[in-house]
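Take a look at the structure below.
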Amino acid sequence: MKKAKISFPHMGNYCIPIEVVLSMILDCEYLTPPPITKKTLEIGSKYSPDFVCAPFKYNLGCYIEALENGADTLLQTGGVCRLSYYGEIHEQILRDLGYDFTFINFGDSEITKPTKIYEKMKQYNPNLTIKHLAKALMIGMRMIDIMDKTEDYIRENVGFEEEEGTLDSLYEAMLKEFRTVRSYKSLKKINKRYQKMMKKVKINKPKNPIKVGFIGEYYTALDPFSNHFIEKWLAKRGIVVTRKLNISNTIFFRNVKRLNKKVKSYMKYDIGATGMDTIKEAEWLAKHNYDGIIHVKSFGCTPEMDAMPILERISEDYHIPILYFSFDSQTSEIGIETRLEAFYDMIEMRKEKNK
Amino acid sequence: MKKAYLGVDIGSISTKGVIIDKNNHIIASDYLWTEGNPINAVKRLLKSLEKQFKKDEYEIVAVGTTGSARKLIGVVLDATVVKNEITAHAVGTTTFYPDVRTIFEIGGQDSKIILVDDGIVVDYAMNTLCAAGTGSFLSSQAKRLGMEVEDFGPLALTSKNPTNIAARCTVFAESDLVHKAQMGHKKEDIVAGLCKAVVTNYLNNVSKGKRIASPIVFQGGVSKNVGVIKAFEEATESRIIVDPNSHLMGALGVAILARKNKEEKPFSFSIQDVEFKTKGVDCNGCANHCEIICVYKDNKLIDSWGNRCERGAIKERQNKVKV
Amino acid sequence: MVKYNVGDSMTKIGIPKALLYYRYHTLWETFFTKLGCEIVESEETTKEILSRGTNFAIDEACLSYKIYLGHLESLIGKCDYILIPRIATFCDREIVCTRFQAVYDVVKNTFRDRDFKILDYNVDVCEGFSEQDGFIKMGQELGKSKKESLEAYIYAKGAMDAEHKKQIKLQKEELKKDNIKILLISHPYNTYDNYVGKPVVDFLKSMDCTIIYGDKVDREKARKKAHKLSPTLQWTYNKELVGAIEMYKDQVDGIVIMSSFPCGPDSLVNEMLVRRIKKAMVTLILDVQDGTAGRETRLESFIDIIKLKKEEEHEKSKN
Chain S
15 MKKAKISFPH MGNYCIPIEV VLSMILDCEY LTPPPITKKT LEIGSKYSPD FVCAPFKYNL
75 GCYIEALENG ADTLLQTGGV CRLSYYGEIH EQILRDLGYD FTFINFGDSE ITKPTKIYEK
135 MKQYNPNLTI KHLAKALMIG MRMIDIMDKT EDYIRENVGF EEEEGTLDSL YEAMLKEFRT
195 VRSYKSLKKI NKRYQKMMKK VKINKPKNPI KVGFIGEYYT ALDPFSNHFI EKWLAKRGIV
255 VTRKLNISNT IFFRNVKRLN KKVKSYMKYD IGATGMDTIK EAEWLAKHNY DGIIHVKSFG
315 CTPEMDAMPI LERISEDYHI PILYFSFDSQ TSEIGIETRL EAFYDMIEMR KEKNK
Chain L
29 MKKAYLGVDI GSISTKGVII DKNNHIIASD YLWTEGNPIN AVKRLLKSLE KQFKKDEYEI
89 VAVGTTGSAR KLIGVVLDAT VVKNEITAHA VGTTTFYPDV RTIFEIGGQD SKIILVDDGI
149 VVDYAMNTLC AAGTGSFLSS QAKRLGMEVE DFGPLALTSK NPTNIAARCT VFAESDLVHK
209 AQMGHKKEDI VAGLCKAVVT NYLNNVSKGK RIASPIVFQG GVSKNVGVIK AFEEATESRI
269 IVDPNSHLMG ALGVAILARK NKEEKPFSFS IQDVEFKTKG VDCNGCANHC EIICVYKDNK
329 LIDSWGNRCE RGAIKERQNK VKV
Chain B
683 MVKYNVGDSM TKIGIPKALL YYRYHTLWET FFTKLGCEIV ESEETTKEIL SRGTNFAIDE
743 ACLSYKIYLG HLESLIGKCD YILIPRIATF CDREIVCTRF QAVYDVVKNT FRDRDFKILD
803 YNVDVCEGFS EQDGFIKMGQ ELGKSKKESL EAYIYAKGAM DAEHKKQIKL QKEELKKDNI
863 KILLISHPYN TYDNYVGKPV VDFLKSMDCT IIYGDKVDRE KARKKAHKLS PTLQWTYNKE
923 LVGAIEMYKD QVDGIVIMSS FPCGPDSLVN EMLVRRIKKA MVTLILDVQD GTAGRETRLE
983 SFIDIIKLKK EEEHEKSKN
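Which chain is which? The protein sequence lines are S, L and B, in order.
So for the first sequence, the numbering used here puts the first residue at 15; every next one is plus one.
So for the second sequence, the numbering used here puts the first residue at 29; every next one is plus one.
So for the third sequence, the numbering used here puts the first residue at 683; every next one is plus one.
This is how it looks when you write it as C-alpha cells:
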C-alpha cells in the first residue's frame, strides 16, 4: 500500500514538531508545505470567503500548495474562536475545487486532550497504541517547549549579536536536526549541543536597551510572514523584543483561573480566545518598564478587537505607547514601515528624555 | 560661508522643499506637484530653490528627506538624514511651537494625528482604510463640482447651512454628493458640508480615542483650507493654529533633523543635471517575487531595496559588485 | 422612550435595544417588572444612534456592535442600572460569538470615565454558570430574596417561551399563503432593527412577498438539523438559523441571508450555506454606509427571477 503523504499549514516553525509527532504515530511521509510567500496568500484569498480573518486564507493557501506538491492527507488542528470551524470550510472549498484527499479535522474534538487525539488518530492507524501516542506527544510537547524558550532568547538578543545572523543560522540548523528526532534521548542531545553553541554567541547588549513587547492575535503574532517580519525589523534596530504568546504558554501552561485573577483590575470575564492573555501580558510589560507595545491581529479578529479598548486604558494608566496593526491581504509595506519608524523614533525620544 | 540645510518632503501628491540657516530661518522654499515622478519633481524643486539661494553667502552642508519617496530621494540627494514623515512633522512643529500638545495633519493621501507632551511625541495615529477625507478626496470632489479646490475654503465660509455628506468612503461620498447636488442643495452648502465631512471623518477614524489637548496646530496641504479650519474649530471647540508655513512643516522638520545630526556632506545644485533612473527588478529567489527597486546614477547602480528576505539581498550585493 | 409601571421610587433598569435584546426582551422585561422594577428601553435605532456608537467602537467592529454602543450610551444617566448579559456557552461543544462574552468588559473600559452602574449576569454552562443562577444573582443584587428572584425567573422564562411558541404558530399560517415566500436568515438584532433590517423587510413586503423569519423556529430541533448539515458548527445562534433553513427551505421560494460586516461567525457560515444549500439565495452585507439603492436593486432582481421561474413552472404544469 502507498504511504500517506501528510501536510500541515505553516505557523512559524511549529510544522516541525507536528511532523515529528505525525511521523511517529501514523505510517506516513510528511510533506512540508512550500514556504509561505505572497503567492500563498494570493491563492488562499482567491478561494476564501470575503471577510474571513487572514489566518484562514494563509491556511488555505498552504493546503493548496501542499496538494499541488503531492500531499494526499491534510491536518487541521482547530482551536478556540473561528478556528474551530476553519477545517470544515477548508475541506469543503478544497473538495469543490476538485482535490482528492483525506482530511483529519480536530474542529469537532479537543486537540488539547490526549484521549481525543487517540480516538481520532486510531481511525487512521488501527495499530496505534496509547503508549506509542503518549511517547510521541511527550516528544512533541518537549520540542515545542524547547523551541519556544530558544525563540524567546533569540528575540531578546538577536539585535545585539557581534556577528549578525549567527543565532538565526544556529537555530535553523537546530530545527533541521529536530526534524529527524524520533526519541526523547536524541532530542535532549541535540538541544544540549545547540544551547551550548548559542550561549557562546557573543552578545553586546547595552545596559539599558529599548524594550518592546509583542502581543496580539495568535496566528498573526506567531507567524513572521503574516506580521510582515516586524520582530526582525525591531531586532535589526537594536531592540529587545519580548513575546510570551506561544504554544507552550497558551496551551500547555495556561491556567485560566490564575489568568482571570491577574487581569482583575481591567476585566471581570474571559473575553474569549487569547484576549485575556493579551491583557495580562500588556499589563506585565507596562509594569516592567517596557518602552512600548506592539499589538498585531488580522482584520476582523473579534477577541483581539475587544481587547483593544482595555489596552487603551492600560496605555493611559501606565503611560506606555501601544502601536496597533490590523493586517489583511492588501496591507501595504510602506505604510507599515512608516508607522514602525515613527514608533521607534517616538519611544527612543521618550527614553532619552526620561533618562 | 554660513552653513545651510536642505529639507525635502516628497509626498504622493506634492513635493515640498526648504533651505534653512542654523537658526531655523527659511532662506528658500517651494511647493509643487509631484505629478507621479518624484525624481523629476525634486529636480524642478532644486531649480526653484537655487534661484532663491545666495550661493556666495551660504553653503548647504547636510540634506534631509521625508515623505513616501524619502528613500529614493535620499539616495538621489545623498541625504544625511532619511526620516518618516510623522517624526519630521513633529520635530518641525515643536521647534516653532514648543507648547504644542496636538498636531493635526491632513495631506494628499495620508492624514495623521500626533500627540505631544513636553516637546516629545507620546502618541500618534494614521489613517487606516483609504484616502477618504484627505486632500485628494477634496480635489476629486472639487473637480466633480467644476471648481478649483483652492476656492473651497472661502466659499465654505459663506454657507449658513452645511449639507450633511457621508465621507467614510470616497466612492460613497461621491454618489451622496451627486445626489445632494441634484436635490438642489446650494453649492456653498455642499462645499461647507464637504469640509465638515473631512473633519468628521478625521475625528472618527484618525483621532479616535485620542485625547485632543490645546494648543492644536493644524498642518499639511489641507490646512490651507479655511473651511476645514472652521469646521475643526467648531468640532473641537478650541482655537486651531495654522502656521503660514504649515504646508512646509515636514520639510522644515527634516531640515532641522539634518542640522542636528552631526554628519555633513557636500551638496551641489548641479545634481539637477545628473540623470537618475529607477528600475524595478523582479527577484526570482522565491515565489514572493519581491520587486527590488534599483536606483541608477548616470547608468551606475548606486542602491537597491525592496527584498523581503536574504535571497534578494544576495542578489543585490552581487549586482553591486558587478558595477 | 417606552416606560412601564411609571413611578419615581422604583429601580430603573436600562435595556439597550440592540444585540441580544431581540432574543431576550420578554424574559428581561417580565423578570424585572415582576420584581417591581421599572424598565427604561432605549429608542429605536436611528442614524444618530449609529453614528454615536461608531464614535465609541473600534473602526472595524461589526455594525451591530456599533449600534449597540450607541443604544447603551443613550441610556447613561436615564436609569439606575444598565443590563448587560455575558453569554459564553449553553452546553458542551457549543459556543457563541466571543463578542457576547466580551461585551461587559468592553463597555466597562470604553466608558470608564462615565458614571453608571451595570447589572450583569453570566451564562457559561460549561464553567458551571447557568442562566437561572445568573438571574437569581441579579435579583439579590436588587434586594430581593432568592425565592422571589427564582420565582420571577421561572415566570419570565415561561413568558418568553410562550411568546416564542406563539410566534412559531403564527408563522405556520404565513407559510400557507400563496404569494412569493422568502426565508430571511439573519440574526434577530439585524432583522428587527428599525434602521438595519426593517428597510429590507419593508422592501420585500412592498414586492408582495411573505417573509418567513429564520429565528422563529423550534430551536432545539433546528440545532439538531444544523448538526447534520454541518457537524463542526459550534455557534449556538448560527446553528439555529442554519437549522431553520433545513426546516423551512422546501416551503419557501427563496432565501435572503443578511449579515453585518464583518461578522466573524457569518463570514464562514455563509460560505458553507452557499456551497451546500441548493436553493435560490441572495446575501446582503450590511455596513455603516447607508446606501440602500444597491441593496434594493439586488433584492428586486432576485425576486424578479424567482417570479419568472415560478411562472415558467406554472406554465409547464399546465401543459
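Backbone N, C-alpha and C define an ideal beta-carbon position, used for all residues, glycine too.
Please list the residues of the region 773-798 of chain B that have a C-beta atom closer than 7 Å to any C-beta atom in chain S, keeping them in chain order.
-> Cβ contacts with chain S come from C779, T780, R781, Q783, A784, Y786, D787, V788, N791, T792, R794.
Under the three-state reduction of DSSP, which class applies to L34 (chain L): helix, strand or coil?
-> Your numbering for residue 34 (chain L) matches position 6 in the second sequence. DSSP places L34 (chain L) in strand when its eight states are reduced to three.
At a Cβ cut of 8 Å, what residues of the region 274-287 of chain S count as close to chain B, listed as they run along the chain?
-> Y280, M281, K282, Y283, D284, I285, G286, A287
Just to confirm, are I299 (chain L) and V309 (chain L) a CB contact at a threshold of 8 Å?
-> As a first step, residue 299 (chain L) must be located in the second sequence, where it is residue number 271. As a first step, residue 309 (chain L) must be located in the second sequence, where it is residue number 281. The Cβ-Cβ distance between I299 (chain L) and V309 (chain L) does not fall below 8 Å.
Terminal residues of the continuous alpha helix (DSSP H) containing A838 (chain B)?
-> The residue you call residue 838 (chain B) lines up with position 156 of the third sequence. From DSSP, the alpha helix (DSSP H) with A838 (chain B) extends over 828-857.
CB contact check: T736 (chain B) to chain C, cutoff 8 Å | The structure shown contains no chain C; its protein chains are S, L and B.
Could you tell me whether the Cβ of P220 (chain S) comes closer than 8 Å to any Cβ of chain L?
-> Locating residue 220 (chain S) in the first sequence gives position 206, where the first residue counts as 1. No, P220 (chain S) does not count as interfacial toward chain L.
Identify, in the order they occur along the chain, each residue of the same chain with its Cβ nearer than 8 Å to the Cβ of N347 (chain L), setting aside the five sequence neighbours on each side.
-> On the second sequence, position 319 is the one that residue 347 (chain L) refers to. Its pLDDT being 44, under 50, N347 (chain L) is placed unreliably by the model, and the measurement read from it follows with that caveat. Within the same chain, N347 (chain L) has close Cβ partners C322, L329, S332.
Give a yes or no on whether 8 Å exceeds the smallest Cβ distance from P767 (chain B) to chain S.
-> Working through the third sequence from its first residue, we reach residue 767 (chain B) at position 85. Not closer than 8 Å to any Cβ of chain S, the Cβ of P767 (chain B) fails to qualify, so no.
Say whether chain B places a C-beta atom closer than 8 Å to the C-beta of T126 (chain S).
-> Taking the first sequence and counting its residues from 1, the one referred to as residue 126 (chain S) is at position 112. So no, T126 (chain S) is outside the interface.
Span separating the alpha-carbon of S279 (chain S) from that of I800 (chain B) = Indexing the first sequence from 1 puts residue 279 (chain S) at position 265. Indexing the third sequence from 1 puts residue 800 (chain B) at position 118. S279 (chain S) and I800 (chain B): Cα-Cα distance of roughly 16 Å.
Put Q346 (chain L) into one of helix, strand or coil per three-state DSSP.
-> To locate residue 346 (chain L), count along the second sequence from 1; it is residue 318. Below a pLDDT of 50, predicted positions are generally treated as unreliable, and Q346 (chain L), at 44, falls in that range; the measurement from the model is reported next regardless. Three-state DSSP puts Q346 (chain L) in a helix.
What's the gap between the Cα of K992 (chain B) and the Cα of K961 (chain B)?
-> Numbered from 1 along the third sequence, position 310 holds the residue referred to as residue 992 (chain B). Numbered from 1 along the third sequence, position 279 holds the residue referred to as residue 961 (chain B). Roughly 13 Å separates the two Cα atoms.
Measure the C-alpha to C-alpha separation of V688 (chain B) and K760 (chain B) and round it to an integer number of angstroms.
-> To locate residue 688 (chain B), count along the third sequence from 1; it is residue 6. To locate residue 760 (chain B), count along the third sequence from 1; it is residue 78. The predicted position of V688 (chain B) is uncertain, since its pLDDT is 45 and thus under 50; a value taken from the coordinates is nonetheless stated next. The straight-line gap from Cα to Cα measures roughly 13 Å.
Which partner residues does K325 (chain L) have in the DSSP bridge list?
-> Working through the second sequence from its first residue, we reach residue 325 (chain L) at position 297. In DSSP, K325 (chain L) forms a bridge with L:F304, L:K328.
P913 (chain B): contacting residues in chain S (beta-carbon distance under 8 Å) = As a position in the third sequence, residue 913 (chain B) is number 231, starting the count at 1. Within 8 Å Cβ-Cβ: E102, D122.
Cβ contact check for the region 882-894 of chain B and the region 730-748 of chain B: 3 or more pairs under 8 Å = no
Do you know offhand how far R345 (chain L)'s Cα is from G26 (chain S)'s?
-> Residue mapping note: residue 345 (chain L) aligns to position 317 of the second sequence, counting from 1. Residue mapping note: residue 26 (chain S) aligns to position 12 of the first sequence, counting from 1. Here R345 (chain L) scores only 44 on pLDDT, less than 50, and its place in the model should not be relied on; the value that follows carries that caveat. Approximately 28 Å between the Cα atoms of the pair.
For G334 (chain L), does the three-state DSSP call read helix, strand or coil?
-> To locate residue 334 (chain L), count along the second sequence from 1; it is residue 306. Coil, per DSSP.
Below 8 Å on the Cβ atoms is my guess for Y786 (chain B) versus Y185 (chain S); work out the distance and round it to an integer in Å.
-> Numbered from its first residue, the third sequence carries residue 786 (chain B) at position 104. Numbered from its first residue, the first sequence carries residue 185 (chain S) at position 171. In this structure, Y786 (chain B) and Y185 (chain S) do not form a Cβ contact; the two beta carbons are roughly 42 Å apart against a cut-off of 8 Å.
Check the Cβ-Cβ distances between L950 (chain B) and every residue of chain S, and say whether any is below 8 Å.
-> By one-based count along the third sequence, residue 950 (chain B) stands at place 268. For L950 (chain B), a Cβ of chain S is located within less than 8 Å of the residue's own Cβ.
Would you call H207 (chain L) buried or exposed, if buried means 16 or more other Cβ atoms sit within 10 Å of its Cβ?
-> For the purposes of this step, residue 207 (chain L) is taken as the residue at position 179 of the second sequence. When all chains shown are included, H207 (chain L) counts as exposed.
Within this structure, are the beta carbons of I749 (chain B) and L765 (chain B) separated by less than 8 Å?
-> Residue mapping note: residue 749 (chain B) aligns to position 67 of the third sequence, counting from 1. Residue mapping note: residue 765 (chain B) aligns to position 83 of the third sequence, counting from 1. Against a cut-off of 8 Å, the Cβ pair of L765 (chain B) and I749 (chain B) comes out as no contact.
Tell me the DSSP bridge mates of V46 (chain L)?
-> Here residue 46 (chain L) is taken as the residue at index 18 of the second sequence, counted from 1. Paired residues: L:G35, L:S57.
Curious, which full-length alpha helix (DSSP H) runs of at least 4 residues does the region 242-287 of chain S contain?
-> 244-250, 270-276
Report buried or exposed for V302 (chain L), applying the criterion of at least 16 other Cβ atoms within 10 angstroms of its Cβ.
-> Sequence index remark: in the second sequence, residue 302 (chain L) carries index 274 (1-based). Exposed, because fewer than 16 other Cβ atoms sit within 10 Å of the Cβ of V302 (chain L).
If you count every other CB in all the chains shown that lies within 10 Å of the CB of Q822 (chain B), and 16 or more means buried, which is it?
-> The residue labelled residue 822 (chain B) in the question sits at position 140 within the third sequence. The residue in question, Q822 (chain B), is exposed, as its Cβ has fewer than 16 Cβ neighbours within 10 Å.
Could you work out which residue in S:K52, S:F174, S:N139 is closest to H242 (chain S) when comparing CA atoms only?
-> Here the question's residue 242 (chain S) lines up with position 228 in the first sequence. Among S:K52, S:F174, S:N139, the Cα nearest to that of H242 (chain S) is on S:K52.
Note down, in chain order, each residue of its chain lying with its Cβ closer than 6 Å to the Cβ of S868 (chain B), except the 5 sequence neighbours on either side.
-> For this step, residue 868 (chain B) is matched to residue 186 along the third sequence. Here the set comprises M940.
CA-to-CA distance, N155 (chain L) to D138 (chain L), given in whole angstroms = Locating residue 138 (chain L) in the second sequence gives position 110, counting from the first residue. Locating residue 155 (chain L) in the second sequence gives position 127, counting from the first residue. Rounded to the nearest angstrom, the two C-alpha atoms are 6 Å apart.
Hey, is T234 (chain S)'s beta-carbon within less than 8 Å of any beta-carbon in chain L?
-> Walking along the first sequence from the start, residue 234 (chain S) turns up at place 220. Not one chain L Cβ lies under 8 Å of T234 (chain S).
Cβ neighbour criterion (16 or more within 10 Å) applied to W917 (chain B) | Locating residue 917 (chain B) in the third sequence gives position 235, counting from the first residue. That one is buried.
In chain order, what residues of the same chain have a beta carbon less than 6 Å from the beta carbon of H275 (chain L), not counting five sequence neighbours either side?
-> Position 247 of the second sequence, counting from 1, holds the residue named residue 275 (chain L). Once the five neighbours on either side are set aside, the close Cβ partners of H275 (chain L) are Y59, G249.
Within the same chain, show all residues whose beta-carbon is closer than 7 Å to that of V371 (chain S), passing over the 5 residues directly before and after it, in chain order.
-> Because chain S in this structure spans residues 15 to 369, residue 371 (chain S) falls outside the shown range and cannot be described.
Paired residues, beta bridge with L89 (chain S) - DSSP = Along the first sequence, one-based indexing puts residue 89 (chain S) at 75. Answer is S:I118.
Using the beta-carbon of each residue, which ones in chain S are nearer than 7 Å to S96 (chain L)?
-> Indexing the second sequence from 1 puts residue 96 (chain L) at position 68. Contacts between S96 (chain L) and chain S, judged by CB atoms closer than 7 Å, involve I348 in chain order.
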